[in-house]
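Heads up: the structure comes next, in structure tokens.
There are 2 protein chains.
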Amino acid sequence: MRKDAQINQQKILNAAAKLFKERAVSTVSMKDIAQVAGIGTGTLYRNFPNKSELCMALSLDYIQQFITGEEAQLHNSTSSVTKQFEDFLTRWLEFRERRIQLLTEIETGPSVMSTFYHSQLYKQLVNLTMQALKPISDNISESELKFRADMLISMLKSDSFAYQREQGLTREQITSNISHLMIKRCD
Amino acid sequence: MRKDAQINQQKILNAAAKLFKERAVSTVSMKDIAQVAGIGTGTLYRNFPNKSELCMALSLDYIQQFITGEEAQLHNSTSSVTKQFEDFLTRWLEFRERRIQLLTEIETGPSVMSTFYHSQLYKQLVNLTMQALKPISDNISESELKFRADMLISMLKSDSFAYQREQGLTREQITSNISHLMIKRCD
DNA sequence: TTGACAAACGGAGCATGCTCCGCTTATTAT
DNA sequence: ATAATAAGCGGAGCATGCTCCGTTTGTCAA
Numbered sequence: 001m002r003k004d005a006q007i008n009q010q011k012i013l014n015a016a017a018k019l020f021k022e023r024a025v026s027t028v029s030m031k032d033i034a035q036v037a038g039i040g041t042g043t044l045y046r047n048f049p050n051k052s053e054l055c056m057a058l059s060l061d062y063i064q065q066f067i068t069g070e071e072a073q074l075h076n077s078t079s080s081v082t083k084q085f086e087d088f089l090t091r092w093l094e095f096r097e098r099r100i101q102l103l104t105e106i107e108t109g110p111s112v113m114s115t116f117y118h119s120q121l122y123k124q125l126v127n128l129t130m131q132a133l134k135p136i137s138d139n140i141s142e143s144e145l146k147f148r149a150d151m152l153i154s155m156l157k158s159d160s161f162a163y164q165r166e167q168g169l170t171r172e173q174i175t176s177n178i179s180h181l182m183i184k185r186c187d
Numbered sequence: 001m002r003k004d005a006q007i008n009q010q011k012i013l014n015a016a017a018k019l020f021k022e023r024a025v026s027t028v029s030m031k032d033i034a035q036v037a038g039i040g041t042g043t044l045y046r047n048f049p050n051k052s053e054l055c056m057a058l059s060l061d062y063i064q065q066f067i068t069g070e071e072a073q074l075h076n077s078t079s080s081v082t083k084q085f086e087d088f089l090t091r092w093l094e095f096r097e098r099r100i101q102l103l104t105e106i107e108t109g110p111s112v113m114s115t116f117y118h119s120q121l122y123k124q125l126v127n128l129t130m131q132a133l134k135p136i137s138d139n140i141s142e143s144e145l146k147f148r149a150d151m152l153i154s155m156l157k158s159d160s161f162a163y164q165r166e167q168g169l170t171r172e173q174i175t176s177n178i179s180h181l182m183i184k185r186c187d
């Protein structure tokens, strides 16, 4: 990679971060970012094929951090498996709420299929979710576990989450409802 | 409502239906539709505030029909509750697959929140799903039932469904996995 | 029938995401 | 140092969703 290209990539990330701090992510146009970065739009798009992928690049650190933290929790915690799962959910929802703008951009972009689902990020998220689900899902095949992880992620996507919040549910209520649904129960 | 307005609305629906039959929904622009309908784009947008809502209007008949059919099934069927739920899922997935382009447009539009979630259509869909879920969900509050219906719909949205299909799952496998997840089980 | 006017029309035009391609520049072999 | 060249740059420009607003028309009271 040429040195100027590397510099430009950094300029873009800095400019985007700056603008996203100043105003709502959805109101920041790619042109704005290019302008603030002091480069052409062509250069911007060569580095990040669309706005969603740019947002993903900016989220990567946050998510990586979240995943690392959660994996540590899952290995060290001594709480009951149920409690562990609920705590995981709670923290995931907190994380979502904190990064909602970036995540919404990623999840509602025009090419979710190729951008989000095929990303390294999604794979890692599934992985983590599978780890969180496994202890509360007895007698389940690996493929079904993967399926449930996909479903859990889908349930808590921006749109759906925002809708539940709008309906008046608190994060706690959502956590409780989800865990009631996902945890193998015999009542 | 003025008579010319009424006529134009019909012209739009006809033009859209015609174009959507000829080529992929996503490749048909609003300008195309206005042109074929023989009206200005302003008129088009006064009738349907965005492409998603136009697609919803076109889907309404299909979905209404589906809902009516399913409600009849739910009242008349003599199968076991489990079987009934699985049949419901199967037919819902079949329906999705048949109308996938319109549904994708609706569910991935820029304003899903106001267009989809706040539509009469969504309310009816939730209603139906709650009816389908109720027999397999003992001891559950009405609000939790509503939540589960929301979640089930969210799990099977276009993106998520398309991803599962792409991963190689058949409709039958998806049905089976979902029913295993949603049905109160004591194994 | 006619006049007044709300309702509706239509298309120019704006914003934004994204592409295309001629020009510039860092790199590297000589 | 120089020349050759691939890698990269940048912004004009395209497509599309959507808005704005001056013009036209259906409706209805007089």
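Heads up: the protein sequence lines correspond to chains A and B, in order. In terms of the UniProt record's numbering, the first sequence is residues 1 to 187. In terms of the UniProt record's numbering, the second sequence is residues 1 to 187. All residues carry an ideal CB built from backbone N, CA and C; glycine is no exception.
- Ile140 of chain B sits in coil when the DSSP states are folded into three classes, being neither helix nor strand.
- With its beta carbon at least 8 Å from every one in chain A, Glu142 of chain B lies outside the interface.
- Taking CB atoms only, Met151 of chain A has a neighbour in chain B less than 8 Å away.
- Here Asp150 of chain B is near Ser160 of chain A, since their CB atoms are less than 8 Å apart.
- Taking C-beta separations shorter than 8 Å and ignoring five residues to either side along the sequence, the partners of Ser52 of chain B in its chain run Glu105, Ile106, Gly109, Pro110, Ser111, Val112, Thr115, Phe116, following chain order.
- Between the stretch 116-127 of chain A and the stretch 164-178 of chain A there are fewer than three C-beta pairs closer than 8 Å, too few to call the two in contact.
- Excluding the 5 residues flanking it on each side, Ile174 of chain B has same chain C-beta neighbours closer than 7 Å at Leu93, Gln164, in chain order.
- Between the C-alpha atoms of Ala5 of chain A and Gly42 of chain A there is a straight-line separation of about 12 Å.
- In the three-state reduction of the DSSP assignment, Val126 of chain B falls in the helix class.
- In the pairwise beta carbon analysis, the stretch 59-74 of chain A is classified as not touching the stretch 28-38 of chain A: fewer than three pairs are separated by under 8 Å.
- In the three-state scheme derived from DSSP, where H, G and I count as helix and E and B as strand, Ala15 of chain B is classed as helix.
- Shown here for Tyr62 of chain B: same chain residues with a beta carbon closer than 7 Å to its own, the five before and five after excluded, namely Arg99 in chain order.
- Across the structure, Gln84 of chain B and Thr90 of chain B are spaced so that their CA atoms are roughly 10 Å apart.
- No Cβ of chain A is located within less than 8 Å of the beta carbon of Gln84 of chain B.
- Following the DSSP letters along the chain, one finds Arg96 of chain B inside the alpha helix (DSSP H) bounded by residues 81-98.
- Arg2 of chain A and Ile153 of chain B have their C-alpha atoms some 48 Å from each other.
- For Phe116 of chain B, the secondary structure class from DSSP, reduced to helix, strand or coil, is helix.
- Residues of chain A whose Cβ lies closer than 9 Å to the Cβ of Leu181 of chain B are, in chain order, Glu144, Phe147, Arg148, Met151, Leu181, Met182.
- Counting along the chain, the unbroken alpha helix (DSSP H) around Ile67 of chain A starts and ends at 51-76.
- Spatial neighbours of Asp32 of chain A in its own chain (CB-CB distance under 8 Å, excluding positions within 5 residues in sequence) are listed in chain order as Leu19.
- Taking all protein chains shown into account, Ser80 of chain A has fewer than 16 neighbouring C-beta atoms within 10 Å of its C-beta and is therefore exposed.
- The continuous alpha helix (DSSP H) containing Ala37 of chain A extends over residues 30-37.
- Residue burial is scored here from C-beta neighbours: Thr129 of chain A has at least 16 other C-beta atoms within 10 angstroms and is therefore classed as buried.
- Cα atoms of Glu22 of chain A and Leu156 of chain A: separation of roughly 27 Å, rounded to the nearest angstrom.
- With 16 or more neighbouring CB atoms inside 10 Å of its own CB, Ile136 of chain B falls in the buried class.
- Excluding five sequence positions before and after Cys55 of chain B, the CB atoms of its chain that fall closer than 6 Å to its own CB belong to Leu102, Glu105, Ile106, given in chain order.
- Not a single C-beta of chain B is nearer than 8 Å to the C-beta of Gln101 of chain A.
- With a contact defined as Cβ atoms closer than 8 Å, Arg148 of chain B and Leu181 of chain A qualify at about 6 Å.
- For Met151 of chain A, the secondary structure class from DSSP, reduced to helix, strand or coil, is helix.
- A check of alpha carbon separations from Leu13 of chain A across A:Met30, A:Ser26, A:Ala24 identifies A:Met30 as the nearest.
- Assignment of Phe161 of chain A by DSSP, reduced to helix, strand and coil, places it in the helix class.
- The criterion of a C-beta distance shorter than 8 Å is not satisfied by Ala34 of chain A and Phe48 of chain A.
- Classified as buried, Lys11 of chain B has 16 or more neighbouring CB atoms from the shown chains inside 10 Å of its CB.
- By the beta-carbon neighbour count (other beta carbons within 10 angstroms, threshold 16), Ile178 of chain A is buried.
- Distance between Asn50 of chain A and Glu86 of chain A, taken at the CA atoms: about 35 Å.
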